[in-house]
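Right, one structure below, let's go through it.
Number of protein chains: 2
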Amino acid sequence: MRPDSIARFRRFARAVTAEVGALDSSFLGRGRPLGAARVVNAIGAGRTDVAEIRAYLGLDSGLMSRLLRSLEEEGLLTTEPHPDDARRRVARLTEAGQREYSAYEDLSDARASALLARAPRSEELLRAMDLVALTLGGDRIAIEEADPRSEAARFCLEAYYGELARRLETGFDVKLSCDPEAEAMVRPRGTFLLAIADGLPVGCVGLKGGGGPVAEVKRLWIDPAARGFGLARRLMQAVEDAARDLSIAVLRLDTNIALPEALALYRRTGWVEIARFNDDPYPDHFFEKAL
Amino acid sequence: MRPDSIARFRRFARAVTAEVGALDSSFLGRGRPLGAARVVNAIGAGRTDVAEIRAYLGLDSGLMSRLLRSLEEEGLLTTEPHPDDARRRVARLTEAGQREYSAYEDLSDARASALLARAPRSEELLRAMDLVALTLGGDRIAIEEADPRSEAARFCLEAYYGELARRLETGFDVKLSCDPEAEAMVRPRGTFLLAIADGLPVGCVGLKGGGGPVAEVKRLWIDPAARGFGLARRLMQAVEDAARDLSIAVLRLDTNIALPEALALYRRTGWVEIARFNDDPYPDHFFEKAL
DNA sequence: TCATTTATCTGACCTTAGTCAGACAACATG
DNA sequence: CATGTTGTCTGACTAAGGTCAGATAAATGA
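Line by line, the protein sequences give chains A and B. 190 is the number that the working numbering gives to position 190 of the first sequence; each next residue is one higher, with no gaps. Numbering-wise, the working numbering comes out as the position in the second sequence, counting from 1, plus 1000.
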């Protein structure tokens, strides 16, 4: 009777099964079987290549073909041969199809906000959901190059500043720190990488270059819910690869003793501690790595 | 692109849908359609009345009847008329049925532990799952009378002591407090109530009586993941009802300023602050309520 | 007692999902 | 250009889930 881990997990599984089932049956309200609705949603979400949709939904080619035809008859989509390879086909939603897709999206959104509205502490609930989602699908986090001024990048940077403000004894004010201007973190001078889980950013790292052979690694941050999956290491590896690609010979970075997990990572991965190389008020540890 | 609440919720929904689907298809490995497996599981979990199973699984009476028959032919269960009402039927698993049920349970357990094993911080993950499960199914928390020496009660009490130790400035040692002996919290002198969510305890409260007209409310605790759903209020209401049932005229309780949410609840629900009525070292606020 | 309600069972029927073999056209390659 | 491969389509088929209209038997209430 003691609430051991497995019983707790299974209570969770029962609760979400009921919720997922309710969402599926709300889709049926639009007079279309679930399979067809899933195809509309896959195309609406940007998957146009028929083979790609088939792989994503795990459908047999015969079934897929029939579903496409029934949706075509309904006037929700059109198909045409792929311009590069006339054996393949691409599907595109018609205007009516777009409307149906929006209707499905609205149903999902409405369910989501109804549920969040009845949660007493919704931010805590969302963090819990993030953690669950990342643990279940943790191996599907992709690393992508992005503009540091993009919305996703700014979200990560704000979170990074907020965390520094909480963790540094001195607090943190980005205006007092030497905040790299965006151009220094865009090719050809540098770059900026995001870790993306299912479309949402969960981590970032910047490479600030000045055109010369030395560049600085900046703004390494991982969403708390995504920690423990080796994502920091993957981001650092990716930023090193990008630096080599940009013909950088030496990388530097600075950090603070209040971030012990970062210090440990740098020490574990071949970074060598060096003397202070800037007059930024916040860092107290400085590292270098030759590529 | 900013990860707003709805997108985060939907990432969560996608991740758990995949997990739930994988569990369902693992059930298919036992050579039986999902519908039949669900019936076996419902009966194994203690639902014997056919109408009750039908309501729980949302099945049509015709379909239910056929599923029962096919399982009966397989030798997994027997049905017989209900002793009180011969129109109703009750189903019971045979020995072979029990074995099949155990096999399904083992599959679920194995999935659960495999998943927990790959989580970097499994206790944190479990707390997140608790919060999600309780928010999704929060309206299904039942309040039941239990023995304070039962395993579920002891789990709650340990959690309660642990929380006091963390929150009171002085720490908390149950041996120094006037811990009521169990008999005082068992009928006819008192009672002990548990809040049960899907079989797992998430809260408790005790009523310590001495046979006279005055009794004390003790050990009010709610699992952190279950806070915010008005459960404390429900438990207090239930304990007041139980006290009336035991012919108690006056209730008392003591608490500590470090537990402001409890103080606020008592003040909101008709409790009147009174002078200290014991020499327990931990409490610093004392309340009374006439029934 | 008799009509009504309730719970299950039965047979007929339908939709959805999914499999499989073969057809066909477009590509790829020697 | 002949050959094999790839991606889609078609038709035939099956299993599973689900609906509906009685049939039956037991319980209930006037």
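The beta-carbon is built from N, C-alpha and C at its ideal position, and this holds for glycine as well.
Task: Sequence-distant residues of its chain with Cβ nearer than 8 Å to Met1 (chain A) (five each side left out) - done: Because Met1 (chain A) carries a pLDDT of 36, less than 50, the predicted location of this residue cannot be relied on, and the following value inherits that uncertainty. Correct list: empty, nothing qualifies.
- [ ] Using beta-carbon positions only, say whether Ile222 (chain A) and Gly206 (chain A) come within less than 7 Å of one another.
- [x] No.
Open item on the list: Under DSSP, the beta strand (DSSP E) around Arg219 (chain A) begins and ends at which residues?
Closed with: Judged by DSSP secondary structure, Arg219 (chain A) falls within the beta strand (DSSP E) whose first and last residues are Val214 to Ile222.
Open item on the list: Taking the straight line between their C-alpha atoms, what separation do you get for Phe1192 (chain B) and Asn1278 (chain B)?
Closed with: C-alpha separation (whole angstroms): 21 Å.
Task: Bridge-paired residues (DSSP) for Arg1092 (chain B) - done: Looking at the DSSP assignment, Arg1092 (chain B) forms a beta bridge with B:Thr1078.
- [ ] Check the C-beta distance from Gly1031 (chain B) over to Ala15 (chain A) and give it rounded, since I have them as a contact under 8 Å.
- [x] Gly1031 (chain B) to Ala15 (chain A), Cβ: 28 Å. No contact.
- [ ] May I ask you to list, following chain order, the residues of the segment 1007-1037 of chain B that have a beta carbon less than 8 Å from some beta carbon of chain A?
- [x] Sequence-ordered contacts of the segment 1007-1037 of chain B with chain A read Ala1007, Arg1008, Phe1009, Arg1010, Arg1011, Phe1012, Ala1013, Arg1014, Ala1015, Val1016, Thr1017, Ala1018, Glu1019, Val1020 and Leu1023 [C-beta pairs closer than 8 Å].
Open item on the list: Quick test of the definition: if touching needs 3 or more C-beta pairs under 8 Å, does the segment 83-93 of chain A touch the segment 44-55 of chain A?
Closed with: Taking 8 Å as the limit for Cβ pairs, the verdict is that the segment 44-55 of chain A does touch the segment 83-93 of chain A.
TODO: Pick helix, strand or coil for Pro260 (chain A), following the three-state DSSP scheme.
DONE: DSSP places Pro260 (chain A) in helix when its eight states are reduced to three.
Open item on the list: Restricting to Cα atoms, I'd like to know which of A:Val239, A:Glu288 and A:Val39 is closest to Leu67 (chain A).
Closed with: Among A:Val239, A:Glu288 and A:Val39, the Cα nearest to that of Leu67 (chain A) belongs to A:Val39.
Open item on the list: Against Ala1133 (chain B), what residues of chain A qualify as contacts under a CB-to-CB distance less than 7 Å, listed in chain order?
Closed with: Proximity of chain A to Ala1133 (chain B) at the Cβ level (cut-off 7 Å) is accounted for by Arg11, Phe12 and Ala15, in chain order.
- [ ] State yes or no: is the C-beta of Glu1144 (chain B) within less than 7 Å of the C-beta of Leu1200 (chain B)?
- [x] Going by C-beta atoms, Glu1144 (chain B) is not nearer than 7 Å to Leu1200 (chain B).
- [ ] Report yes or no: do the segment 1164-1175 of chain B and the segment 1122-1132 of chain B share at least 3 C-beta pairs separated by less than 8 Å?
- [x] No, they do not touch.
Task: Under the three-state DSSP convention, the category Glu1206 (chain B) falls into - done: Note that residue 1206 (chain B) corresponds to Gly in the displayed sequence, not to Glu. DSSP places Gly1206 (chain B) in strand when its eight states are reduced to three.
- [ ] Assign Leu1131 (chain B) to one of two classes, buried (16 or more other C-beta atoms within 10 Å of its C-beta) or exposed (fewer than that).
- [x] Leu1131 (chain B) comes out buried.
Open item on the list: Would Ala290 (chain A) and Val239 (chain A) be called neighbours here (beta carbons separated by less than 7 Å)?
Closed with: No, they are not a contact pair.
Task: Near the ligand GTP: Ala1262 (chain B) beta-carbon under 6 Å from a heavy atom - done: With respect to the ligand GTP, the structure offers nothing, as it holds no ligand at all.
TODO: Sort out for me which residues DSSP pairs Asp254 (chain A) with in a bridge.
DONE: When beta bridges are read from the DSSP output, Asp254 (chain A) appears opposite A:Phe286.
Open item on the list: Within 7 Å of any Cβ in chain B, is that where the Cβ of Ser5 (chain A) sits?
Closed with: Yes - at least one Cβ of chain B is within 7 Å of the one on Ser5 (chain A).
Open item on the list: My output table needs one value for Asp84 (chain A): the three-state DSSP class, helix, strand or coil.
Closed with: When secondary structure is reduced to three states using DSSP, Asp84 (chain A) falls in the coil class, being assigned neither helix nor strand.
Task: Trp1271 (chain B) burial status per 10 Å Cβ neighbour count (16 or more: buried) - done: For Trp1271 (chain B), the number of other beta carbons within 10 angstroms of its own is at least 16, and it is reported as buried.
Open item on the list: Check whether the segment 1226-1237 of chain B and the segment 1250-1267 of chain B are in contact - that is, three or more C-beta pairs closer than 8 Å.
Closed with: A contact exists between the segment 1226-1237 of chain B and the segment 1250-1267 of chain B.
Task: Sequence-distant residues of the same chain with beta carbon closer than 8 Å to Thr1017 (chain B), five excluded per side - done: Excluding sequence neighbours, Thr1017 (chain B) sits near nothing in its chain.
- [ ] Compute the Euclidean distance between the alpha carbons of Ala22 (chain A) and Leu28 (chain A), then round it to the nearest angstrom.
- [x] Computed Cα separation, rounded: 10 Å.
Task: Min CB distance Arg121 (chain A) to chain B below 7 Å - done: Closer than 7 Å: yes.
- [ ] Let me know the secondary structure DSSP gives Asp1198 (chain B) once reduced to three states.
- [x] Residue state, collapsed to three classes: coil.
Open item on the list: Please confirm whether Met64 (chain A) has its beta-carbon closer than 7 Å to some beta-carbon of chain B.
Closed with: Closer than 7 Å: no.
- [ ] Step through the CB atoms of chain B and report whether any lies within less than 7 Å of the CB of Ala128 (chain A).
- [x] Output row for Ala128 (chain A): interface = yes.
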